[in-house]
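> Residue numbers (my numbering): 17 to 147. Sending over a structure as C-alpha cells; questions will come in a sec.
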C-alpha cells in the first residue's frame, strides 16, 4: 500500500468535507475575520493534499531508494504541517478559542520545511540520474 498516496487522498477528501461544513456551519454565525481564517486554512489544506498526492504518485514510479526516502519524508512533513496549520485554525473557528491559533505558526514552519525537503529530494533525484 502506498501510505503517502492514501494520506494525500484522505487530506483531499477532508479539505472538501471540512470546507463545505464550515461554509454551512459558520456562514452567518461567525465574523468576517474568522471566515477569512478558515478560507486560508482550506486553501493550505487543499495545497497540502495535492502535493502529498503528487508525491504519492511519484513514488509509484519507483525512484531510487534515496530519492524515495527523501520524497516520503517531504510528504509526511506536508501532512504534519497541513494538520497543524489548518486544523488549528478550524478548531479555533469552531470553538471560539483563539488560543488554538498559537499552533498555526508551527504548522506554517513545518510546511516551509516540507517545501525545502521536497527541493532537496529533487536535487537528490538529479544527482542520482547523473551518477
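Idealized CB from N, CA, C, for every residue including glycine. Treat the numbers as computed from the prediction; the structure is a model and nothing was measured.
#1: Evaluate contact between the region 121 to 140 and the region 75 to 90, counting only Cβ atoms and requiring at least three cross-stretch pairs below 8 Å.
#2: Would you call the CB atoms of residue 74 and residue 87 closer than 8 Å?
#3: On the three-state DSSP scale, how would you describe residue 119?
#4: I need the boundaries of the alpha helix (DSSP H) containing residue 22, first residue and last residue.
#5: Determine the contact status of residue 104 and residue 123, defining contact as a CB-CB distance below 8 Å.
#6: Under 7 Å Cβ to Cβ from residue 130, same chain only, skipping five residues before and after it: list those, please.
#7: Helix, strand or coil: which one does DSSP assign to residue 137?
#8: Below 8 Å between beta carbons: does that hold for residue 68 and residue 27?
#9: Identify every run of the alpha helix (DSSP H) within the region 71 to 124, keeping only runs that are complete inside it and at least 4 residues long; order them along the chain.
In short:
#1: yes
#2: yes
#3: Coil.
#4: Going by DSSP, residue 22 is part of the alpha helix (DSSP H) stretching over 19 to 42.
#5: Yes, the pair counts as a contact, with Cβ atoms nearer than the cut-off.
#6: 90, 93, 94 and 97
#7: helix
#8: yes
#9: 81 to 111
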